[in-house]
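Participant: Protein chains in written order, with my numbering: chain H, 1 to 112; chain F, 113 to 225. One structure, pasted below without further comment.
Given below as structure tokens:
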């Protein structure tokens with residue numbers, strides 16, 4: 001089954017404790033992205049990648065890092081999480097810039 | 113820059129009512145347009161898409177037509193059901209801006225029996 005998977009689905013952590021949210025897709029897509037969804041703000045892109053070793057900032061990259069060492073994986077790293085990063089995070093992938101994105105199920109992160 | 117403006121919600125309709133959710137866009141070049149749906153507690157699913165002017169996307173009774181002259185992509189359904197209750201997002205992909213994908217703020221729809 002074609003899908004985007006994220007782990008963990010739920011995470012509660014404390015300020016400053018480094019964490020990684022994994023994202024993997026099995027569709028051989030070139031493009032991958034991370035978004036955060038907050039009430040009243042919709043979805044905002046954090047980072048995106050157009051190929052292995054090619055990443056770029058989206059609209060709200062501060063406090064996040066990403067890497068794309070393999071085509072299928074695109075982890076999101078919070079090196080020193082803060083409470084304002086409490087949010088619902090989505091990973092997405094797509095074949096190219098013309099086509100739709102496929103979304104993962106989301107990761108709900110709470111930073112205390 | 114590119115952007116999507118979507119009708120504010122929430123929207124509450126009775127079952128079998130007609131639905132319209134307005135979406136307009138600003139883009140340079142020739143974007144692709146999408147409607148996504150998010151059911152409670154779930155991720156976003158593609159509902160329909162249109163990749164060029166005058167294209168009509170349709171799925172599950174929903175339709176939207178890519179209108180370049182009015183820069184719009186309004187979502188319509190002739191008869192909504194309770195199971196259509198969800199949040200709907202209009203989105204734009206402008207191929208000349210890398211992987212940038214612009215979303216509207218979402219419109220929450222509740223259908224009551």
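C-beta: ideal position from N, C-alpha, C; glycine also. Just so we're clear, the structure is a prediction, and the values are computed from it rather than from any experiment.
Any beta carbon from chain F within less than 8 Å of residue 100 (chain H)'s own beta carbon?
Facilitator: yes
Participant: Closer than 9 Å by beta-carbon distance: list the chain H residues that pair up with residue 144 (chain F), in chain order.
Facilitator: Under the 9 Å cutoff, chain H gives 97, 98, 99, 100.
Participant: Could you compute how far the alpha carbon of residue 143 (chain F) sits from the alpha carbon of residue 47 (chain H)?
Facilitator: 20 Å
Participant: Kindly list the residues whose CB is nearer than 7 Å to the CB of residue 65 (chain H), restricted to its own chain and excluding five residues on each side of it in sequence; keep chain order.
Facilitator: By the criterion of a C-beta distance shorter than 7 Å, residue 65 (chain H) is surrounded in its chain by 77, 79, once the five residues flanking it on both sides are discounted.
Participant: Between which residues of its own chain and residue 212 (chain F) is the CB-CB distance below 8 Å, once the five residues before and five after are set aside?
Facilitator: Taken in chain order, the residues that qualify are 114, 205, 206.
Participant: Name, going along the chain, the residues of the segment 35-55 of chain H whose beta-carbon falls closer than 9 Å to a beta-carbon of chain F.
Facilitator: Those residues of the segment 35-55 of chain H that come within reach of chain F (Cβ to Cβ, closer than 9 Å) are 35, 37, 40, 41, 42, 43, 44, 45, 48, 49, 50.
Participant: Below 8 Å on C-beta distance, what does residue 154 (chain F) contact in chain H?
Facilitator: 105, 106
Participant: Show which residues of chain H have a CB atom less than 8 Å away from the CB atom of residue 169 (chain F).
Facilitator: Near residue 169 (chain F) there are no residues of chain H at all, since even the closest Cβ is about 10 Å away, more than 8 Å.
Participant: If you draw a straight line from the alpha carbon of residue 60 (chain H) to that of residue 85 (chain H), how long is it in whole angstroms?
Facilitator: 11 Å
Participant: Taking C-beta pairs closer than 8 Å, name the residues in chain F that residue 90 (chain H) reaches, listed in chain order.
Facilitator: 155, 156
Participant: I'd like to know whether the C-beta atoms of residue 15 (chain H) and residue 82 (chain H) end up nearer to each other than 8 Å.
Facilitator: yes
Participant: List the residues of chain H whose Cβ lies closer than 9 Å to the Cβ of residue 161 (chain F), in chain order.
Facilitator: 99, 100
Participant: Do the CB positions of residue 113 (chain H) and residue 27 (chain H) come within less than 8 Å of each other?
Facilitator: Examination of residue 113 (chain H) is not possible in this model, given that chain H is present from 1 through 112 alone.
Participant: Kindly provide the ranges of any beta strand (DSSP E) runs that are 3 or more residues long and lie completely inside the segment 158-209 of chain F, ordered along the chain.
Facilitator: 168-171, 174-177, 187-189, 198-205
Participant: If we call anything under 8 Å between Cβ atoms a contact, is residue 107 (chain H) one with residue 44 (chain H)?
Facilitator: no
Participant: For residue 18 (chain H), which residues in the same chain have their Cβ closer than 6 Å to its Cβ, ignoring the five residues on either side in sequence?
Facilitator: 79
Participant: Against residue 218 (chain F), what residues of chain A qualify as contacts under a CB-to-CB distance less than 7 Å, listed in chain order?
Facilitator: No chain A appears in this structure, whose protein chains are H and F.
Participant: Just to confirm, is the Cβ distance from residue 118 (chain F) to residue 217 (chain F) under 8 Å?
Facilitator: Contact flag set, yes.
Participant: Going by Cα to Cα distance, which pick from F:223, F:192, F:200 is closest to residue 185 (chain F)?
Facilitator: Of the listed residues, the one whose Cα sits closest to residue 185 (chain F) is F:200.
Participant: Would you mind sorting residue 196 (chain F) into buried or exposed? The rule is 16 or more other CB atoms within 10 Å of its CB.
Facilitator: buried
Participant: Bridge partners of residue 31 (chain H), per DSSP?
Facilitator: Answer is H:94.
Participant: By a C-beta neighbour count over all protein chains shown, 10 Å radius and 16 as the cutoff for buried, is residue 130 (chain F) buried or exposed?
Facilitator: exposed
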